[in-house]
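J.: First, the structure itself, so that you have it in front of you.
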């Protein structure tokens, strides 16, 4: 379970995130949605300890991120930032092995290589294992980066806008893979998304933010109504039902 208690954030006296309260069950997909500047990435960065907590507490399975040693948290929570920079001359296999550092501390063992092999296969990257990152397509590179986070072996995975710059095929492939991984690997995934239709199709729980505050949260069917979407984005939309899922038409 993720518990966020009275967590807020300011930058130069400007409030980026209002005091926030959230309690999120484990082993599900949680989508953070909202307009630009809503505080989504800030909240994710606070959860990942990329930004220091200014107020409140964040706990993962009762582990307080402010007091739990980094080596312990590195095995509990993994994050893929929106802009991840890695040496372009790393191979895909080396990238995944790098993610095992909290376990091997620079001396990989057979268990580490076994995890890498499983994730190469799971994310359909086996044929690309010896390919350098700068030789991959955008979709392949993003899949490799997500696989890297999974190699870290954490219960919780935080993804900041992983669909950015992906074409339709790679975006759908990534989201369906993440959806399966929740069941196959007992993961909890918190993902920042701009496309609310992906949130509707693949998330179990949606947290909608605007101007640093939580406006709505709940199941996709509860959050993604015409009135709620208009309040969130200031855009009139039609909501249609397709195969039991809500889709937003806003063109």
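In our numbering, the protein residues as written are 1 to 251.
Don't be surprised by glycine CBs; every beta carbon is placed ideally from N, CA and C.
#1: Consult DSSP for residue 190 and reduce its assignment to one of helix, strand or coil.
#2: What would DSSP say about residue 65, mapped onto helix, strand or coil?
#3: Within a Cβ cutoff of 7 Å, which residues of the same chain sit near residue 230, ignoring the five residues on either side of it in sequence?
#4: Taking C-beta to C-beta, are residue 32 and residue 190 nearer than 9 Å?
#5: For residue 233, which residues in the same chain have their Cβ closer than 7 Å to its Cβ, ignoring the five residues on either side in sequence?
#6: Starting from residue 237, trace the beta strand (DSSP E) in both directions and tell me its first and last residue.
#7: What distance in whole Å lies between the Cβ atoms of residue 123 and residue 90, which are believed to be in contact at a cut-off of 8 Å?
#8: Would you give the residue range spanned by the beta strand (DSSP E) that residue 6 belongs to?
#9: Report the three-state DSSP secondary structure of residue 78 (helix, strand or coil).
#10: Take residue 153 as the anchor and find which of 6, 118, 130 has the nearest alpha-carbon.
#11: Looking at the secondary structure, which residues open and close the beta strand (DSSP E) in which residue 55 lies?
#12: Pop quiz: residue 51 and residue 9 are said to be a contact at Cβ under 8 Å. What is the actual Cβ separation, rounded to whole angstroms?
#13: Going by CA-CA distance only, name the one from 218, 211, 213 that's closest to residue 199.
#14: So the beta strand (DSSP E) residue 20 belongs to, where does it begin and stop?
#15: Tell me, please, whether the stretch 66 to 79 touches the stretch 38 to 58 by the rule of three or more beta-carbon pairs shorter than 8 Å.
#16: Is residue 220 buried or exposed, if buried means 16 or more other CB atoms sit within 10 Å of its CB?
#17: In angstroms with no decimal places, state the Cα-to-Cα distance between residue 88 and residue 241.
#18: Report yes if the C-beta distance between residue 57 and residue 140 is below 9 Å; otherwise report no.
#19: Taking DSSP as the reference, what is the three-state secondary structure of residue 132?
#20: Out of 227, 166, 108, which one is the CA nearest neighbour of residue 136?
#21: Considering only C-alpha positions, which residue in the set 197, 244, 82 is nearest to residue 159?
#22: Excluding the 5 residues preceding and the 5 following residue 95 in the sequence, name in chain order all residues of the same chain whose CB lies nearer than 7 Å to its CB.
#23: Whole-angstrom Cβ separation of residue 1 and residue 25, contact assumed at under 8 Å?
#24: Hey, would you say residue 29 sits closer than 9 Å to residue 202, going by beta carbons?
#25: With DSSP as the reference, label residue 150 as helix, strand or coil.
T.: On the basis of the data shown:
#1: strand
#2: coil
#3: 236, 237
#4: yes
#5: 35
#6: From DSSP, residue 237 is part of no beta strand (DSSP E); its letter is neither H nor E.
#7: With a Cβ gap of about 16 Å, residue 90 and residue 123 do not count as contacting.
#8: 2 to 11
#9: strand
#10: 118
#11: Here residue 55 belongs to no beta strand (DSSP E), and DSSP marks it neither H nor E.
#12: 7 Å
#13: 218
#14: 14 to 24
#15: yes
#16: buried
#17: 43 Å
#18: no
#19: strand
#20: 166
#21: 82
#22: 86, 133, 144, 148
#23: 6 Å
#24: yes
#25: helix
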